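**Student:** Quick one: this structure, given as structure tokens, is what I'll be asking you about.
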Amino acid sequence: NAGVMQNPRHLVRRRGQEARLRCSPMKGHSHVYWYRQLPEEGLKFMVYLQKENIIDESGMPKERFSAEFPKEGPSILRIQQVVRGDSAAYFCASSHSGTYNEQFFGPGTRLTVL
Amino acid sequence: KNEVEQSPQNLTAQEGEFITINCSYSVGISALHWLQQHPGGGIVSLFMLSSGKKKHGRLIATINIQEKHSSLHITASHPRDSAVYICAVIVASGGGADGLTFGKGTHLIIQP
Numbered sequence: 111n112a113g114v115m116q117n118p119r120h121l122v123r124r125r126g127q128e129a130r131l132r133c134s135p136m137k138g139h140s141h142v143y144w145y146r147q148l149p150e151e152g153l154k155f156m157v158y159l160q161k162e163n164i165i166d167e168s169g170m171p172k173e174r175f176s177a178e179f180p181k182e183g184p185s186i187l188r189i190q191q192v193v194r195g196d197s198a199a200y201f202c203a204s205s206h207s208g209t210y211n212e213q214f215f216g217p218g219t220r221l222t223v224l
Numbered sequence: 066k067n068e069v070e071q072s073p074q075n076l077t078a079q080e081g082e083f084i085t086i087n088c089s090y091s092v093g094i095s096a097l098h099w100l101q102q103h104p105g106g107g108i109v110s111l112f113m114l115s116s117g118k119k120k121h122g123r124l125i126a127t128i129n130i131q132e133k134h135s136s137l138h139i140t141a142s143h144p145r146d147s148a149v150y151i152c153a154v155i156v157a158s159g160g161g162a163d164g165l166t167f168g169k170g171t172h173l174i175i176q177p
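Written as structure tokens, this is what we have:
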């Protein structure tokens, strides 16, 4: 019974490149959340998605960041033209049905921008 | 001021001690999570609660909605309990983002 899967676990990009982070929720979960943990800082909410819908993206930077959760396949967090300040751990969580249900976290993707 | 405040920020204790970590919040919430983040970075959900008390093994979590306060207790602490413990809330409908709002975490070290 696999938990939340994220890949890659570590990603290194040069400034200006694109980063794609993938999240496969737990089986039976259709709600996905992305969070970012900057070095020496706490976790911050980025975006909440259901299948094919962005429900709340109030925590997403306005430029260069986008997220999707297609009908088939994993949720993708995409960062275009990465900058050094994007270096962080990005965590995905999933829940069975909505924000009032317990969220289960993936292992995270550690993005390093050179 | 953060919406979610934890205390203490850092805690070092001896093996076997009873540990208490506190969380206070300033917004209306639907539920509160306690999370554990290991030195390797992975996050584990320990509890989600909206009232009363929950117990799992040596861990106990309580919440007082009127006082906007929650505590996480660890009985008979062990070095493997060393981790960062994070309090996170789900803000009540209309009060904020749909995701969790996090405290800064409590760094716990249990010495043998």
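These protein sequence lines map, in sequence, to chains A and B.
My numbering numbers the first residue of the first sequence as 111 and each following residue consecutively.
My numbering numbers the first residue of the second sequence as 66 and each following residue consecutively.
Backbone N, C-alpha and C define an ideal beta-carbon position, used for all residues, glycine too.
The structure displayed is predicted, hence computed values, not measured ones.
1) Taking 9 angstroms as the CB-CB limit, is A148 of chain B close to chain A?
2) Okay, do the stretch 191 to 205 of chain A and the stretch 131 to 151 of chain A touch, 3+ Cβ pairs below 8 angstroms being the bar?
3) Could you check how far apart the C-beta atoms of S91 of chain B and H134 of chain B are, in whole angstroms? I think they sit under 8 angstroms.
4) Got a sec: is the Cβ-Cβ distance from F83 of chain B to anything in chain A below 9 angstroms?
5) Using the rule of at least 16 other Cβ atoms within 10 Å of the residue's Cβ for burial, across every protein chain shown, is L221 of chain A buried or exposed?
6) Can you name, in chain order, every residue of its own chain whose Cβ lies under 8 angstroms from the Cβ of R119 of chain A, other than the five neighbours on each side?
7) In the stretch 157 to 182 of chain A, which residues sit with their C-beta less than 7 angstroms from some C-beta in chain B, listed in chain order?
8) Roughly how many angstroms lie between the CA atoms of I155 of chain B and N129 of chain B, to the nearest whole one?
9) To which residues of the same chain is M113 of chain B closer than 6 angstroms at the C-beta, ignoring the five residues directly before and after it?
10) Under a three-way DSSP split, which group does G117 of chain B fall into?
11) Buried or exposed for S134 of chain A, please, with buried defined as at least 16 other CB atoms from any protein chain shown within 10 angstroms of its CB.
12) I'd like the list of long-range same chain contacts for C152 of chain B, defined as Cβ closer than 7 angstroms, with 5 residues on each side in sequence excluded.
13) Of all Cβ atoms in chain B, is any one closer than 9 angstroms to the Cβ of R154 of chain A?
**Tutor:** Quick answer:
1) no
2) yes
3) So it is not a contact: roughly 11 angstroms between Cβ atoms.
4) no
5) buried
6) Annotation for R119 of chain A: P217, G218, T219, R220 place their beta carbon closer than 8 angstroms to its own, counting only its chain and skipping 5 residues before and after.
7) Y158, I165, D166, S168, G169
8) Between I155 of chain B and N129 of chain B, the C-alpha separation is close to 15 angstroms.
9) A96, H98
10) strand
11) S134 of chain A is buried by the Cβ-count criterion.
12) V69, Q71, C88, L97, W99, S135, G168
13) What sits at residue 154 of chain A in the sequence shown is Lys, not Arg. True, the Cβ-Cβ gap to chain B drops below 9 angstroms.
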